[in-house]
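Q: Which chain is which? The protein sequence lines are A and B, in order.
Going by the numbering used here, the residue at position 73 of the first sequence is 74; the numbering climbs one at a time, nothing skipped.
Going by the numbering used here, the residue at position 384 of the second sequence is 1306; the numbering climbs one at a time, nothing skipped.
Glycine included, every Cβ here is placed at the ideal spot set by N, Cα and C.
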Amino acid sequence: MSAGPALLTIDHLTMQFGGLVAVDDVSLAAKDSEITAIIGPNGAGKTTMFNCLTGFYKPSVGRMLLDHPNRPFYLERMEGFRIASHAGVARTFQNIRLFPKMSVLENLIVAQHNKLMRASGFTVYGLFGLRGYRSAEGEAVELAKYWLDRIDLTAKADWDAESLPYGDQRRLEIARAMCTEPVLLCLDEPAAGLNPRESAGLNELLLFIRDEHKIGVLLIEHDMKVVMAIADHIVVLDYGRKISDGTADEVRRDPAVIRAYLGEEEEDST
Amino acid sequence: MAVTSVTPGADLRSLDVAAMLKEAGATAVVVFALTIGLVAFKTLDVPGGIGIETRFADVAMCMALAFFGRIALVLLREHRPYPVMAVALTFAIILTASLLSGQIFGPAAEAQMKMFLPFKAVIVSWIICVLAWSFAIRAAILMRHQGVSVLRDEREAMMDRVGAAVQRYSRFLGPALLAFAIVFPLLPFVDRRFLDLGILALTYIMLGWGLNIVVGLAGLLDLGYVAFYAVGAYSYALLATHFELSFWICLPFAGIMAAFAGLLLGFPVLRLRGDYLAIVTLGFGEMVRIILLNWYEFTNGPDGIGGIARPSFFGIPFKRNAPEGTETFHQMFGLEYSTLHKFVFLYFVILTLGLITNLFTIRIRKLPVGRAWEALREDEIACRSLGINPRNTKLTAFAIGAMFAGFAGSFFATRQTFISPESFVFLESAIILGIVVLGGFGSQVGVVLATGILIVLPELIRELHQYRMLAFGAVMVLIMLWRPSGLLAHREPTIKLGQGDKRGGEP
Ligand SMILES: Nc1ncnc2c1ncn2[C@@H]1O[C@H](COP(=O)(O)OP(=O)(O)OP(=O)(O)O)[C@@H](O)[C@H]1O
Ligand SMILES: [Mg+2]
């Protein structure tokens, strides 16, 4: 692992639902320009961790420090939407959440809401169609086009998002998150339901995001082929606890991981 | 029962006449069982007690209509539209002619044509007339499609194309409607009654457009919209009567007050969604009305506020005789004095207010707030993950919607010159929402069309007026069955790349 300060530091994160401890005292660090994979069997608490990170749940215990270039943010103290707008943490969802009746392009423009809102003088100038706003909108469209090219959806820019095939919807959701210009991108099982060709395309997209945009990527993924191919750093959760943490090779050889996965397989086969 | 397959060659099959007659007979029997108790006997007040009037002829008429109606249905199902077309069209034309004879040829003709009506109650004849027309239309559709009946999805797609076409042509349709609206009060046949109707319709159109921001764009189901209308009306009335301020000064104040009321309601309730929000807003609407009713010192309670000033033409009054040293409108423009002037002026005021609402909505849809409203309607959680503040965004929608209701309210107050809590009952909210739902969420032309159906039609056809609520309910049920998204619902993207304008959903 490369040295340098971590972009995101999670300390002793715990999330309880009544008696159920979904995330149990998890600490980890994720860096800039790195893909950090979070893996684990079903119900391990991966999505719950994301929900804490992005402000959908208030963690019971723990600290989440994001070292944003402007200033550090303690995410556990922030309101959900501010984590995205101020701290620059963007996410996608395990079950896709696009704006189905809006067009592909509109999905990407809505993602740039805060920037455009300022440019439109909180609607006041915008109403009178002043030039400042129009040029800001033009720039927003350029950014959207840039991502549309990356995900091969330029030709379908004016389609309703709901009419896209599944694989396109997955990529559109990633592009939409990128349009918020985040410093940390959290992806919840982006390869789920993709065919091998689409999955390979997704790997390329994620590597592009890491290498060209130099942001941190947190990736929840079940598909080990994807994880082993692109992750720089892997964290393994099981029953809410972190059981392993390291590079792909280290994790693969970790007896605790083998036990968790083999144990699960044994359960499955009985 | 006859076979119900829908193959193009179906009309080659022979018709099972016996089965058809049996089915129609069974329907007639059911109708007999239903009507013998409900229709055949009517109690009357006679001196010294209760008498009974028998109406067996009406029962027979019901049975006959049911019998032939059923035969028509079976024939349509079996792809024989021609006899249905012939009979239904004749019947429909005769009925329509007799029903409208009074309007067209005067009372003498009406008395003669009455004999063609199946029932004494005009409304029932109207219903049957509409049914006959719908049979004729179904038959016509079947004739055009050469025996393939129109399926539900096809109808949806067709209506969506209509909606899309209206949107596409709204560039021409809008100005055309506007041009008509502008010349309307100057047309020779337009009298006080038409002007009043135009003003009424425009008020509802404006309210529909205002509510469309809240319901159609932001997806917040608001059942208490009339509360903001009331706040606007009372703000205007109180300001105008206590401080003698002019309409043009009070108008923005009334809008601001209503927007403020929207914020006040919005803060606590906007975390609720869907049905819950609907119930709370419903309660708020009633609360406002009850406060107006009971806060006697401030609002004059059930007695209402009277003597509200009419708007002047930017300071020039519409009076026959001006007080010393001033001019009135007709003197200033060298016109013959007419009481109509002030109504024409009112008409243009509400037309302007409505246009402002419309332009504002069209404009704001293309701005970040407008897009955020629509995004919130689609998926609030996704919005939060993109850094959109859901509470503030909803509040702006609520407040802006309320502001337009406030403008409309102050116009209402100045037009009526008298307001009381009775004008702001839940029914008004329901009608405004009905206009939005019927027209199609988010469709501006849809609101105009729906106002035509729900407001103008019942006013024009006086007989319909007392059955207005019945018709209102029926229209709502039909629209929910046939096209839940509303007549002209169709969404155009607010921004296009124009790479390939092939839209999704079509093969
Ligand atoms: N809002 C909630 N209330 C109660 N329990 C919850 C809630 N959200 C998650 N859980 C529970 O927490 C545990 C972890 O769930 P989570 O969704 O985080 O798992 P996951 O690792 O994402 O699994 P998968 O791979 O299936 O997506 C599960 O037992 C789940 O039932
Ligand atoms: Mg999950």
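1. So, is the C-beta of B/T1012 closer than 8 Å to a C-beta in chain A?
2. Taking just the CA atoms, how far does A/V24 sit from A/Q17?
3. Does the distance from the CB of B/W1170 to the CB of B/T1279 come in under 8 Å?
4. Since A/I151 meets chain B, which of its residues come closer than 9 Å, beta carbon to beta carbon?
5. DSSP three-state call for A/C187: helix, strand or coil?
6. Would you please verify whether the beta carbon of A/E107 is less than 8 Å from any beta carbon of chain B?
7. Who pairs with B/E975 in a beta bridge, going by DSSP?
8. Could you tell me whether any non-hydrogen atom of ligand 1 is closer than 7 Å to the CB of A/N43?
9. Mapping the DSSP letters down to three states, classify B/D1301 as helix, strand or coil.
10. Measure from the alpha carbon of B/T1315 to the alpha carbon of each residue in B/E1302, B/F1326, B/M1325, then state which is nearest.
11. How about A/D189: is its Cβ closer than 7 Å to a heavy atom in ligand 2?
12. Using 8 Å as the threshold, is the segment 1200 to 1216 of chain B in touch with the segment 1346 to 1353 of chain B, meaning 3 or more CB pairs across them?
13. So, with DSSP's three-state summary, where would you put B/V1347?
14. At the level of alpha carbons, what is the spacing between B/L943 and B/A986?
15. Using DSSP bridges, identify the partner residues of A/V62.
16. If you run the structure through DSSP and keep just helix, strand and coil, what is B/P1003?
17. Give me the Cα-Cα distance between B/L1161 and B/A1149, rounded to the nearest whole angstrom.
18. Going along the segment 1409 to 1422 of chain B in order, which residues come within less than 8 Å of chain A, judged by CB to CB distance?
19. May I ask you to list the residues that DSSP assigns as paired with A/F74?
20. 8 Å is my cut-off, CB to CB: does A/L117 come that close to chain B?
21. Could you name the residues of the segment 55 to 83 of chain A whose beta carbon sits closer than 9 Å to any beta carbon of chain B, in the order they occur along the chain?
22. Name the residue from B/R1413, B/P1097, B/I1230, B/D938 whose alpha carbon lies nearest to the alpha carbon of B/L1281.
23. Leaving out the 5 sequence neighbours to the left and right, which residues in its chain are closer than 7 Å to B/T957 when beta-carbon positions are compared?
24. Any idea if B/H1164 is buried or exposed, counting beta-carbon neighbours within 10 angstroms, 16 or more meaning buried?
25. Tell me whether the beta-carbon of B/C1051 lies closer than 8 Å to the beta-carbon of B/A1008.
26. Against chain B, which members of the segment 198 to 215 of chain A pass a CB distance test of less than 8 Å?
27. Counting only Cβ-Cβ distances shorter than 8 Å, please list the residues of the segment 28 to 56 of chain A near chain B, keeping chain order.
28. By the criterion of Cβ-Cβ separation under 7 Å, what are the contact partners of B/N1311 in chain A?
29. What did DSSP end up calling B/T1283 once you bin it into helix, strand or coil?
30. Going by DSSP, what residue range makes up the alpha helix (DSSP H) through A/A249?
31. Since I believe A/L66 is in contact with A/T10 (beta carbons under 8 Å), could you give me their beta-carbon distance rounded to a whole number of angstroms?
32. In terms of residue numbering, what span does the alpha helix (DSSP H) encompassing A/G194 cover?
33. Between which two residues does the alpha helix (DSSP H) harbouring B/G1132 extend?
34. So which of A/N115, A/Y147, A/A31, A/G139 has the shortest CA-CA distance to A/S86?
35. Given that B/D1301 touches chain A, what residues does it touch there, using C-beta distances under 9 Å?
36. Please classify B/L1109 as buried or exposed, where buried requires at least 16 neighbouring CB atoms within 10 angstroms.
A: According to the data block:
1. By one-based count along the second sequence, residue 1012 of chain B stands at place 90. By this cut-off, B/T1012 is not an interface position.
2. Here residue 17 of chain A refers to the residue found at position 16 of the first sequence. Here residue 24 of chain A refers to the residue found at position 23 of the first sequence. The alpha-carbon atoms of A/Q17 and A/V24 are separated by roughly 7 Å.
3. In the second sequence, the residue the question calls residue 1170 of chain B occupies position 248. In the second sequence, the residue the question calls residue 1279 of chain B occupies position 357. In this structure, B/T1279 does not lie closer than 8 Å to B/W1170 by Cβ.
4. Looking up residue 151 of chain A in the first sequence gives position 150. Note that residue 151 of chain A is Arg in the sequence shown, not Ile. Here the premise fails: no neighbours, minimum Cβ distance about 15 Å.
5. Mapped onto the first sequence, residue 187 of chain A falls at position 186. The answer is strand: DSSP assigns A/C187 an E or B state.
6. Counting from 1 along the first sequence, the entry for residue 107 of chain A is found at position 106. Yes - at least one Cβ of chain B is within 8 Å of the one on A/E107.
7. The sequence position of residue 975 of chain B within the second sequence is 53, counting from 1. Answer is B/K964, bridged to B/E975.
8. The residue given as residue 43 of chain A occupies position 42 in the first sequence. Checking the 7 Å criterion, the Cβ of A/N43 is within range of a heavy atom belonging to ligand 1.
9. Position 379 of the second sequence holds residue 1301 of chain B. In this structure, B/D1301 counts as coil in the three-state DSSP scheme.
10. Here residue 1315 of chain B corresponds to residue number 393 of the second sequence, with the count starting at 1. Taking only the C-alpha atoms, the option nearest B/T1315 is B/E1302.
11. Reading the first sequence from its first residue, position 188 is the one you call residue 189 of chain A. Checking every heavy atom of ligand 2 against the Cβ of A/D189, one is found closer than 7 Å.
12. Taking a contact to require three or more Cβ pairs closer than 8 Å, the segment 1200 to 1216 of chain B and the segment 1346 to 1353 of chain B qualify as touching.
13. Counted from its first residue, the second sequence places residue 1347 of chain B at position 425. In the structure shown, B/V1347 sits in coil (DSSP, three-state: anything other than H, G, I, E or B).
14. In the second sequence, residue 943 of chain B corresponds to position 21, counting from 1. In the second sequence, residue 986 of chain B corresponds to position 64, counting from 1. CA-CA distance, B/L943 to B/A986, rounds to 12 Å.
15. Against the first sequence, residue 62 of chain A aligns to sequence position 61. Residue pairing by DSSP places A/V62 opposite A/T15 in a beta bridge.
16. Here residue 1003 of chain B corresponds to residue number 81 of the second sequence, with the count starting at 1. If DSSP states are grouped into helix, strand and coil, B/P1003 belongs with the helices.
17. For the purposes of this step, residue 1161 of chain B is taken as residue 239 along the second sequence, with counting starting at 1. For the purposes of this step, residue 1149 of chain B is taken as residue 227 along the second sequence, with counting starting at 1. Looking at the two C-alpha atoms, the distance is approximately 18 Å.
18. R1413, P1415, T1416, I1417, K1418, L1419, G1420, Q1421, G1422
19. In the first sequence, the residue the question calls residue 74 of chain A occupies position 73. DSSP output for A/F74 lists A/L67 as bridge partner(s).
20. Looking up residue 117 of chain A in the first sequence gives position 116. The beta carbon of A/L117 sits closer than 8 Å to some beta carbon of chain B.
21. Residues of the segment 55 to 83 of chain A with a C-beta less than 9 Å from any C-beta of chain B: T55, G56, F57, E80, G81, F82, R83, listed in chain order.
22. As a first step, residue 1281 of chain B must be located in the second sequence, where it is residue number 359. Of the candidates B/R1413, B/P1097, B/I1230, B/D938, the one whose C-alpha sits nearest the C-alpha of B/L1281 is B/P1097.
23. For the purposes of this step, residue 957 of chain B is taken as residue 35 along the second sequence, with counting starting at 1. Excluding residues within five positions, the ones whose Cβ falls inside 7 Å are V981, C984.
24. Locating residue 1164 of chain B in the second sequence gives position 242, where the first residue counts as 1. So B/H1164 ends up on the exposed side.
25. Position 129 of the second sequence, counted from the first residue, corresponds to residue 1051 of chain B. Position 86 of the second sequence, counted from the first residue, corresponds to residue 1008 of chain B. No, Cβ-Cβ distance for B/C1051 and B/A1008 is not below 8 Å.
26. none
27. Taking a C-beta cut-off of 8 Å against chain B, the contacting residues of the segment 28 to 56 of chain A are T55, G56, listed in chain order.
28. What you label residue 1311 of chain B is simply residue 389 of the second sequence in a count that begins at 1. Those are F82, listed as they occur along chain A.
29. Along the second sequence, one-based indexing puts residue 1283 of chain B at 361. B/T1283 falls in the helix class under three-state DSSP.
30. Position 248 of the first sequence holds residue 249 of chain A. Unbroken alpha helix (DSSP H) run through A/A249: 249 to 254.
31. Indexing the first sequence from 1 puts residue 10 of chain A at position 9. Indexing the first sequence from 1 puts residue 66 of chain A at position 65. With a Cβ gap of about 5 Å, A/T10 and A/L66 count as contacting.
32. Translated into positions along the first sequence, residue 194 of chain A becomes position 193. For A/G194, there is no enclosing alpha helix (DSSP H), as DSSP gives it neither H nor E.
33. Working through the second sequence from its first residue, we reach residue 1132 of chain B at position 210. From DSSP, the alpha helix (DSSP H) with B/G1132 extends over 1114 to 1134.
34. Counting from one through the first sequence, the residue named residue 86 of chain A turns up at place 85. Nearest option by C-alpha distance: A/N115.
35. The residue given as residue 1301 of chain B occupies position 379 in the second sequence. Near B/D1301 (Cβ distances below 9 Å), the residues of chain A are R98, L99, F100, P101.
36. To locate residue 1109 of chain B, count along the second sequence from 1; it is residue 187. By the 10 Å Cβ count, B/L1109 comes out exposed.
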